[in-house]
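Novice: First, the structure itself, so that you have it in front of you.
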Amino acid sequence: MRHLISPLDLSVEETEEILLLAEDIAKDPTRYSQVCKGKKIATLFYEPSTRTRLSFESAMLNLGGNVLGFSSADSSSAAKGESVADTIRVVSCYADIAAIRHPKEGAPYVASLHSSIPIINAGDGGHQHPTQTLTDLLTIHALKGSISNLTIGLCGDLKFGRTVHSLINALVRYPGIRFALISPEELKLPTYIKTDVLEAKNVPYIEAEVLEDVMPELDILYMTRVQKERFFNEEDYIRLKDRYILDKVKMSYAKEDMLVLHPLPRVNEISVEVDDDPRAVYFKQAQFGVYARMALIMKLLGLSL
Ligand code: CP
């Protein structure tokens, strides 16, 4: 039985297999409409979500399966004090696979230790978000044709942004990847990721505070929201939240084929005037999230067309 807790739980070859399957699904999703007939996914969300929960549910429904679950801790027996370990033991009796989002880092891993069904980490605190990473890789692979030899700008909240942490872990396994880490001092990428991941693998990176300074070099700009829910005091959040706002003027510094990705939700960090720019692909990215999750569910359940 396989779980997906970190993007590194999949080898580069397995990730490629999932991306190719997702691209095939994208060409004609109806061909896959019976693959999960009789299967159920449980979506156990202890934290708010729109895309991740609904795209998992959409993915399973597209595959002919069914969905069950809860969308907040308050509406589950966690509100009565039930542990994640006990919850997953029970849910293992009701579903074939489960996606878990939790505010505490490591909670999906704990669930995997007590589960008899595959567990997918749907985001744990400020730690990892591996299915967002599959979505991001699929977006890059499908629209750029390859995940190699790219300069990738990661902009915004690099400290608390779990999508950034997962994406870096995944991207350093591809050749010719370079990073520009664009953030205010207070929201810099944690040192352990710089030393244990980037420096350990000799991946070139620079740190910058001004987006325009690095914009002309970028092949991909990955914008992120300042993670309000992870701040200890509101004053700091208010001071930092509008530090980067991507607008048409800033886009004028970018390459003609640079892609703008964002895991969403967006708050203020991308002006709506950018949405019509053909380089802005964040809504396409959300659509790719369904295909990536369809392919992942098939992989973890050992199913094929
Ligand atoms: N990208 C992402 O995780 O969005 P949600 O929080 O809406 O699931």
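192 is the number of the first residue of the sequence shown in our numbering; add one for each residue after it. All residues carry an ideal CB built from backbone N, CA and C; glycine is no exception. As the structure is a prediction and not an experimental result, all values here were calculated from the model.
1. From this set, Pro198, Leu362, Glu208 and Ser197, which residue's C-alpha is nearest Glu493's C-alpha?
2. Just the C-alpha distance for Pro395 and Ser337, rounded to the nearest angstrom, thanks.
3. Run through the DSSP bridge pairs and tell me what Asn312 is partnered with.
4. Just the Cα atoms here: how many angstroms apart are Ala486 and Val458?
5. For Ser240, verify whether its CB is less than 8 Å away from any heavy atom of the ligand CP.
6. Leaving out five residues before and five after Val363 in sequence, what residues of the same chain have Cβ atoms less than 8 Å from its Cβ?
7. I'd like to check one pair, Arg193 with Pro309: are the Cβ atoms closer than 9 Å?
8. Per the DSSP calculation, Ala399 is bridged to which residue(s)?
9. Could I get the ranges of all uninterrupted alpha helix (DSSP H) runs contained in the segment 206 to 276, with 4 residues as the minimum, in chain order?
10. Assuming Val451 is part of the beta strand (DSSP E), what are its boundary residues?
11. Using CA atoms only, rank isn't needed, just tell me which of His318, Glu376 and Leu334 is closest to Leu500.
12. If you reduce the DSSP assignment to three classes, tell me which class Gly297 lands in.
13. Between Lys432 and the rest of its own chain, which residues show a CB-CB distance below 8 Å, the 5 nearest in sequence each way excluded?
14. Closest by CA to Leu263, which one among Val440, Leu210 and Glu238?
15. Does the distance from the C-beta atom of Ala313 to that of Thr322 stay below 9 Å?
16. Per DSSP, Met489 is paired with what?
17. Please classify Leu431: does DSSP put it in a helix, a strand, or coil?
18. Please confirm whether any heavy atom of the ligand CP lies closer than 8 Å to the CB of Gly352.
19. Flag Gly314 as yes when its Cβ comes closer than 8 Å to any non-hydrogen atom of the ligand CP, and as no otherwise.
20. How about Pro366: is its Cβ closer than 8 Å to a heavy atom in the ligand CP?
21. Going by beta carbon distance, what residues of the same chain come within less than 6 Å of Leu212, once the five residues before and after it are set aside?
22. Whether or not the segment 441 to 448 and the segment 396 to 412 are in contact is what I'm after, with contact meaning three or more pairs of Cβ atoms, one per stretch, closer than 8 Å; do they touch?
23. Quick one: what does DSSP say Thr415 is sitting in, helix, strand or coil?
24. Which residue or residues does DSSP assign as beta-bridge partners of Cys346?
25. To which residues of the same chain is Lys228 closer than 6 Å at the C-beta, ignoring the five residues directly before and after it?
26. Which of helix, strand or coil does DSSP assign to Leu341?
27. Please determine if the segment 328 to 347 and the segment 460 to 479 are in contact, where contact requires at least 3 C-beta pairs separated by less than 8 Å.
Specialist: Taking the coordinates as given:
1. Working through the sequence shown from its first residue, we reach residue 493 at position 302. The sequence given here places Gly at residue 493; Glu does not occur at that position. Residue Glu208 is the option with its Cα nearest to Gly493.
2. Within the sequence shown, residue 395 is the residue found at index 204, counting from 1. Within the sequence shown, residue 337 is the residue found at index 146, counting from 1. Each residue's Cα considered, the two are about 19 Å apart.
3. Residue 312 sits at position 121 when you count from the first residue of the sequence shown. In the DSSP output, where bridge partners are listed per residue, Asn312 has Ile291.
4. Along the sequence shown, one-based indexing puts residue 486 at 295. Along the sequence shown, one-based indexing puts residue 458 at 267. Those two C-alpha atoms are separated by around 29 Å.
5. In the sequence shown, counting from the first residue as 1, residue 240 sits at position 49. Checking the Cβ of Ser240 against the ligand CP gives yes.
6. The sequence position of residue 363 within the sequence shown is 172, counting from 1. If we look at Val363 and ignore the five residues flanking it on each side, its Cβ neighbours are Val388, Leu389, Lys392 and Val394.
7. On the sequence shown, position 118 is the one that residue 309 refers to. On the sequence shown, position 2 is the one that residue 193 refers to. Cβ atoms of Pro309 and Arg193: closer than 9 Å.
8. Position 208 of the sequence shown, counted from the first residue, corresponds to residue 399. In the DSSP output, where bridge partners are listed per residue, Ala399 has Ile373.
9. Positions of the alpha helix (DSSP H) runs, each at least 4 residues long and wholly inside the segment 206 to 276, are given as 242 to 253 in order along the chain.
10. In the sequence shown, the residue the question calls residue 451 occupies position 260. According to the DSSP assignment, Val451 belongs to the beta strand (DSSP E) that extends over Leu450 to Leu452.
11. With the chain covering 192 to 496 only, the question about residue 500 has no answer from this structure.
12. Translated into the one-based positions of the sequence shown, residue 297 becomes position 106. Under the three-state reduction of DSSP, Gly297 is assigned to coil, being neither helix nor strand.
13. What you label residue 432 is simply residue 241 of the sequence shown in a count that begins at 1. If you ignore the 5 residues before and after Lys432, its C-beta comes within less than 8 Å of the C-beta of Val417, Lys419, Val458 and Asn459, all in its own chain and listed in chain order.
14. The residue labelled residue 263 in the question sits at position 72 within the sequence shown. The sequence as given places Ser at residue 263; Leu does not occur at that position. Of the candidates Val440, Leu210 and Glu238, the one whose C-alpha sits nearest the C-alpha of Ser263 is Glu238.
15. As a first step, residue 313 is located in the sequence shown; it is residue number 122 there, counting from the start. As a first step, residue 322 is located in the sequence shown; it is residue number 131 there, counting from the start. Contact flag set, yes.
16. For the purposes of this step, residue 489 is taken as residue 298 along the sequence shown, with counting starting at 1. Answer is none; Met489 lacks a bridge partner.
17. Taking the sequence shown and counting its residues from 1, one reaches residue 431 at position 240. Of the three classes helix, strand and coil, the one that applies to Leu431 here is helix, per DSSP.
18. What you label residue 352 is simply residue 161 of the sequence shown in a count that begins at 1. Result no, Cβ not under 8 Å from the ligand CP.
19. The count along the sequence shown starts at 1 and reaches residue 314 at position 123. Gly314: yes, Cβ under 8 Å from the ligand CP.
20. The count along the sequence shown starts at 1 and reaches residue 366 at position 175. For Pro366, the Cβ stays outside the 8 Å cut-off from all heavy atoms of the ligand CP.
21. In the sequence shown, counting from the first residue as 1, residue 212 sits at position 21. Within the same chain, and ignoring the five residues on either side of Leu212 in sequence, the residues whose Cβ sits closer than 6 Å to its Cβ are Ala486.
22. Touching, yes.
23. If you number the sequence shown from 1, residue 415 lands on position 224. Looking at Thr415 - three-state DSSP - the assignment turns out to be coil, as it is neither helix nor strand.
24. As a first step, residue 346 is located in the sequence shown; it is residue number 155 there, counting from the start. For Cys346, which the question treats as bridged, DSSP gives the partners Ile373 and Met414.
25. In the sequence shown, the residue the question calls residue 228 occupies position 37. Result list for Lys228: Gly255, in chain order.
26. Translated into the one-based positions of the sequence shown, residue 341 becomes position 150. DSSP, read as helix, strand or coil, puts Leu341 in coil.
27. The count of Cβ pairs closer than 8 Å, one atom from the segment 328 to 347 and one from the segment 460 to 479, reaches three, so the stretches are in contact.
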